[in-house]
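Protein chains in written order, with the numbering used here: chain A, 53 to 511; chain B, 53 to 511. Even glycine gets a Cβ: it sits at the ideal position worked out from N, Cα and C. What follows is one structure encoded as structure tokens, with my remarks underneath.
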């Protein structure tokens, strides 16, 4: 017999999905200044909804950047307090022409909902809101546990606003643990908790040569070329076998435990299928002496994301550009410390600077790598709830991605995070045709309801 | 006592400049499809003007791309026939924000006219038209020599249309020599003939890794990164000392003669000033074992012009792009053959292709390197005319740039080219704030008038 909250959630599936679509229509792209108003609009919509469902102390909190949304319900005496976290901002949708349907016009196909932010993180964040609504409705405005919920609009641009808020106002977020749904299931129908995240530093290297753009005929052979300089520098940051060449970069890397490595080997992972179906390249790259999952979860890596500058149109322009840049990030693993890594990186990049070129190495944002223990009542309640909904044992994985807030919670609030995500590996995060499996949206809501109910003592 | 044609030119200086401004207002950017109509409009304006001044057989000739403009006057029996060449298309004006005044709104400042195409090549091409007008007007519709004039609208995109026309219709351009004003004076007030040009190949290397853009957290460490692959490849094409590393690339390079090298040493060239004032970088680069002028005029070089793809906006996007590209050109010197060079380049680039990446190496356009003899009556008439106007001996230089049509004229018409240019080294060709010295516009017209008059036997 499903609980009353579960019954309410099942009866309202269509409405929940329609509301999510409305939220996905807001282009809350945090990195683009022209969408500032859209980001705020998303915050206000969420605040209004939290108010409507019966949460208390709803507030849109100003930061130096995009606002936070806060609400709480703290009347479950003697019960645990959970800090629900999510983000309502999204990545830019480009390249637009590769989307089958427009990124901000949610479309249903094959049991999925396609839109920018469908899975990362609007869809998953909204599961929390709808789980809370179901419980509040079923129990006359009461919840089985104490809840604080904080939603941010800067996750995709480094999350400085929430990081500062957590540092400066830890008492306003006091809780026993945090709950985050911004990760994925290892495979369809396989309930998954994420217990490790890579950290990162995201940087920009700006190179300047001549004072103005020059004609490559008139000056080629004597004038410095910032693009060539960047290629020289970047090619020395990592070798062809995926080893990062920055001196000292591996000093603080801690290998996974033997038990964790053994568990990863038993996961349903087919390297050939991963290469062909998921990556779609002719081969995988990286450190061959490590398994693919180790490379993705437990090894640092360095990537180039774009190289702005010069002539990028159709056809030909014979210019030696005065300046060019490279957007470069490093993913970090325990116990690499972001600012120490940035220091090593900056020093090495500067040491490689070619003649005639000035390099400016800038840190755009950073986040800590995290490993979380599995031996606590929150993880136990989570695995029990997931088993009820999915009828399977939960697997424990890490993610190669970064959720910097987990480190902030650990440092400033001294609480662990339960990362219960319902995305799938082929959901196209940060890429065209991002999607979220509609069945997982609803199973996620049910899992969350049962998780809170179990924590509150309900069978 | 100035000749009647000179007097006419002097009396009409203001009108000539106003007409040039009208021409500069037409954004005839040949590489951008959206300006196709503007390019044609420029051709039609020039055809109308050639007709008005009294040239014959005026015709806008269709090609596969932008049209040619042709006219002639062939009634000077027993006199030489000159083929005047120029181009009415221009480079794209980006980056727009670096222009002091808009690129297609000609503005006078400090004795210069600022606009895209001011010197390259509308201003210089239009000197020919105005020299012809002055002579036709002064001599009752007659010219002292036979003239054919051909103007193209694809010089900045490789000039395929005119190359084909020259190959297929050499009889329509039959002449004793060609006259081209698309080069520069070595220093202000120093009359200059250009007797050598570098050739070029302009290429694009497209790199493809994964099937779609991927999240660098989820996939970084195992998925191939096309930008990193391009950096690996490009950094191996040239070393830090400017030596191109493509096997066989230097096999056909012919060094300048001892006499030419000696003459270059006596030119008023200050390397420190060139570096600080003209290039504006902290140092020059390239092959230190060669002088700067040798590096620019007589040595091949390789440049990167831009690297489209990935994320190039403000802020951060953690994407591993599915594809990226590099626009790369090589400047060639005698006797390097463009298609042979492209073959060596393509083979070497492909041999460097990293695992998991597909490279596509494409030739966008090419042009031959040229060296021209100075012992002929056309060069003698040119130096005499320049001495009258500038009161100085002419210096013979080469240019690091490419004018592919000179090779086409040599191959198909078997004629030499006289390259009499009036640009200055700081005219910002292909860059923001392109300009042309107004005094040189008028001195150029007078030099051309006296050149033709001397060739026709007038003292």
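Any chain A beta carbon closer than 8 angstroms to residue i
i, result
"residue 417 of chain B", "yes"
"residue 176 of chain B", "no"
"residue 270 of chain B", "yes"
"residue 277 of chain B", "yes"
"residue 325 of chain B", "no"
"residue 371 of chain B", "yes"
"residue 287 of chain B", "yes"
"residue 306 of chain B", "no"
"residue 267 of chain B", "yes"
"residue 317 of chain B", "no"
"residue 235 of chain B", "no"
"residue 169 of chain B", "no"
Within-8 angstroms CB hit, residue i to chain B
i, result
"residue 355 of chain A", "yes"
"residue 244 of chain A", "no"
"residue 258 of chain A", "no"
"residue 166 of chain A", "no"
"residue 273 of chain A", "yes"
"residue 290 of chain A", "yes"
"residue 321 of chain A", "no"
"residue 122 of chain A", "no"
"residue 348 of chain A", "yes"
"residue 230 of chain A", "no"
"residue 302 of chain A", "no"
"residue 280 of chain A", "yes"
"residue 131 of chain A", "no"
Residues that residue i contacts on chain B, provided the C-beta gap is smaller than 8 angstroms
i, result
"residue 141 of chain A", "Neighbours of residue 141 of chain A on chain B: none; closest Cβ ~12 angstroms, over 8 angstroms."
"residue 263 of chain A", "331, 332, 333"
Cutoff 7 angstroms; reference residue i; Cβ partners in own chain excluding five residues on either side
i, result
"residue 415 of chain A", "253, 255, 394"
"residue 288 of chain B", "297, 404"
"residue 480 of chain A", "486, 487"
"residue 290 of chain A", "296, 297, 354"
Contact list for residue i against chain B, beta-carbon separation under 7 angstroms
i, result
"residue 364 of chain A", "358, 360"
"residue 488 of chain A", "Result: empty, since nearest Cβ-Cβ is about 15 angstroms, beyond 7 angstroms."
"residue 180 of chain A", "Under the 7 angstroms cutoff, chain B gives no residues; its nearest Cβ is about 22 angstroms from residue 180 of chain A."
"residue 284 of chain A", "287, 292"
Neighbourhood of residue i by C-beta, 6 angstroms cutoff - its chain only, sequence neighbours within 5 removed
i, result
"residue 575 of chain A", "Residue 575 of chain A cannot be examined here, being either before or after the span of chain A that is shown, 53 to 511."
"residue 549 of chain B", "Nothing can be reported for residue 549 of chain B: it is not among the residues displayed for chain B, which extend from 53 to 511."
"residue 355 of chain B", "381"
Spatial neighbours of residue i in its chain, beta-carbon cut-off 8 angstroms, leaving aside the 5 residues before and after
i, result
"residue 240 of chain A", "476, 489"
"residue 360 of chain A", "376, 377, 379"
"residue 370 of chain A", "267, 268, 269"
"residue 507 of chain A", "131, 132, 134, 196, 197, 429, 430, 433"
"residue 329 of chain A", "478"
"residue 58 of chain A", "186, 498, 501, 502"
Closer than 7 angstroms at the beta carbon, the chain A residues around residue i
i, result
"residue 250 of chain B", "269"
Residues that residue i contacts on chain A, provided the C-beta gap is smaller than 9 angstroms
i, result
"residue 351 of chain B", "273"
"residue 209 of chain B", "367, 368"
CB contact below 8 angstroms: residue i versus chain C
i, result
"residue 337 of chain B", "In the structure shown, chain C cannot be found, because the protein chains are A and B."
Neighbouring residues, chain B, relative to residue i (Cβ below 9 angstroms)
i, result
"residue 344 of chain A", "273, 274"
Partners in chain A for residue i, counting only beta-carbon separations shorter than 8 angstroms
i, result
"residue 254 of chain B", "368, 370"
"residue 379 of chain B", "362, 363, 364, 368, 369"
*asked:* If we require 3 or more residues per run, which beta strand (DSSP E) segments fall completely within the stretch 246-291 of chain B?
replied: DSSP runs (the beta strand (DSSP E)) wholly in the stretch 246-291 of chain B: 251-260.
Got a sec: which bits of the stretch 184-207 of chain B sit with their beta carbon under 8 angstroms from any beta carbon on chain A, in order along the chain?
Correct list: empty, as no residue qualifies.
Exercise for the section: Name, going along the chain, the residues of the stretch 467-485 of chain A whose beta-carbon falls closer than 9 angstroms to a beta-carbon of chain B. Expected result: Near chain B, meaning a CB-to-CB distance below 9 angstroms, the residues of the stretch 467-485 of chain A are 477, 480, 481, 482, 483, 484, 485.
- prompt: Quick one, which residues of the stretch 76-108 of chain A are near chain B if we go by CB-CB under 8 angstroms, in chain order?
  reply: So the list reads 83, 84, 85, given in the order they occur along the chain.
Of the residues that make up the stretch 422-442 of chain A, which ones have a beta carbon closer than 8 angstroms to any beta carbon in chain B? When C-beta distances to chain B are compared with 8 angstroms, every residue of the stretch 422-442 of chain A stays at or above that value.
Chain B contacts from the stretch 445-470 of chain A (Cβ-Cβ distance under 8 angstroms): In summary, the residues of the stretch 445-470 of chain A whose CB is separated from some CB of chain B by less than 8 angstroms are 451, 452, 453, 454, in the order they occur in the chain.
(Q) If the cut-off is 7 angstroms on Cβ atoms, which residues from the stretch 382-410 of chain B count as contacting chain A, listed in chain order? (A) So the list reads 383, 406, 407, 408, 410, given in the order they occur along the chain.
Could you tell me which whole alpha helix (DSSP H) segments of length 4 or greater appear in the stretch 392-467 of chain A? Taken in chain order, the complete alpha helix (DSSP H) segments of 4 or more residues contained in the stretch 392-467 of chain A are 429-442, 456-460.
Contacting positions in the stretch 143-156 of chain A - beta carbon closer than 8 angstroms to chain B:
Within the stretch 143-156 of chain A, the qualifying residues are 143, 144, 146, 147, 150.
(message) I'd like the ranges of any beta strand (DSSP E) spanning at least 3 consecutive residues and lying wholly in the stretch 166-248 of chain B.
(response) Correct list: 198-204, 229-232.
What are the start and end residues of each continuous beta strand (DSSP E) run of 3 or more residues lying completely inside the stretch 469-498 of chain B, in chain order?
-> Listed in chain order, the complete beta strand (DSSP E) runs (minimum 3 residues) inside the stretch 469-498 of chain B are 469-472, 487-489.
Those runs of the alpha helix (DSSP H) which lie wholly inside the stretch 303-353 of chain A and span at least 4 residues | Counting only runs of 4 or more, we get 310-317, 344-349.
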